[in-house]
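Per our numbering, the sequence shown starts with residue 58, numbered consecutively.
Below you'll find the structure, written out as structure tokens, and then a few comments.
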Amino acid sequence: MSGNEKNFEFLKRYKEKREEIEKRVGEFSKKRQASGRELFEELAFCLLTPQSKALSCHEAVCDLKKSGLLFAGSAKQIERALKGKARFHKKKARYILLARKQFEEDGFEALKRLTFSGSEIEARERLINKIKGLGLKEASHYLRNVGRGSSLAILDRHVMKNLNRWGAIRKIPRSMTRRNYLQIEKKMALFCKRNRIPMAHLDLFFWSEETGFIFK
């Protein structure tokens with residue numbers, strides 16, 4: 058397949074899902090009016106996702122919320138709830154507990170300020186520096202899910218595979234250093250600009266290409 062043919066096929070597939078993607082991104086945008094507790098729920102989800110299935114992580118957060126453990130459980134209680142749903146559940150339980158203790162005062166208003174002040178890039182750096190367990194990918198994921206993903210890339214394996222497939226990057230790096238992440242993010246931004254696709258749309262499109270449905 059030539060470059061032009063590949064690009065035509067890419068745009069054709071994207072346009073088939075664009076309406077559904079736009080609807081999902083619109084739902085993320087509404088999170089700008091979310092309470093601090095709702096933001097913490099989204100943060101907990103993103104703390105769970107590394108090397109774990111997104112659907113299982115979402116289910117785990119829903120279970121923690123329903124049982125009252127998300128906002129009141131001990132590390133051991135959260136560990137037990139996460140077992141079998143998220144890899145490295147003991148470590149991730151500690152991350153959730155640390156973040157809860159850090160932000161729970163005044164209804165997680167400090168998390169809200171951290172999330173929505175400054176540019177998206179600035180917010181991501183502050184989140185990474187202040188929240189244990191949050192890297193570039195997780196912080197980008199969190200911000201996108203609360204309506205701040207217009208300039209950020211969520212470089213998981215699905216996205217990397219498709220960036221390579223559709224010609225945005227020549228190869229997938231063996232290890233994802235900070236430098237590699239930021240370089241690929243720039244290439245993804247150029248790819249989006251060239252194809253007139255919002256950055257916040259591309260991750261959802263690529264994820265749906267691999268899984269068959271649009272999630273978060």
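Here a beta-carbon is modelled for each residue, glycine too, at the ideal position from N, C-alpha and C.
Item, Value
"Identity of the residue in Asn-64, Tyr-238, Arg-81 nearest Trp-264 by Cα", "Arg-81"
"Euclidean distance between Cα positions of Glu-242 and Lys-123", "36 Å"
"Residues near Pro-230 by beta carbon distance below 7 Å, same chain, minus five either side", "Asn-237"
"Unbroken stretches of the beta strand (DSSP E), 3 residues or longer, contained in the region 169–231", "none"
"Rounded C-alpha distance that separates Ala-117 from Phe-65", "39 Å"
"N- and C-terminal bounds of the alpha helix (DSSP H) containing Met-245", "235–252"
"Rounded separation between Leu-121 and Leu-100 - CA only", "13 Å"
"Backbone secondary structure at Thr-106 - three-state DSSP", "coil"
"Inter-residue Cα distance where the pair is Ile-185 and Arg-235", "12 Å"
"DSSP three-state assignment for Glu-161, whether helix, strand or coil", "coil"
"Touch test, the region 196–203 against the region 149–168, Cβ-Cβ under 8 Å, three pairs minimum", "no"
"Identity of the residue in Pro-255, Ala-91, Glu-62 nearest Leu-168 by Cα", "Ala-91"
"Buried versus exposed call for Gly-175 [16 or more other C-beta atoms within 10 Å across all chains shown]", "exposed"
"Same chain, Cβ closer than 8 Å to Lys-88, neighbours up to 5 away in sequence not counted", "Glu-95, Leu-96, Glu-99, Asn-202, Val-203, Gly-204"
"Integer-rounded CB distance, given that Ile-271 should sit under 8 Å from Glu-77", "6 Å"
"Best match in Glu-62, Lys-63, Phe-85 for proximity to Met-261 [C-alpha to C-alpha]", "The question names Met, but residue 261 is Leu in the sequence shown. Residue Phe-85 is the option with its Cα nearest to Leu-261."
"Integer Cβ distance of Glu-166 from Gly-93, believed to fall under 8 Å", "5 Å"
"Enclosing alpha helix (DSSP H) for Lys-123 [first to last residue]", "111–124"
"Phe-145: first and last residue of the uninterrupted alpha helix (DSSP H) it sits in", "No alpha helix (DSSP H) holds Phe-145; DSSP gives it neither H nor E."
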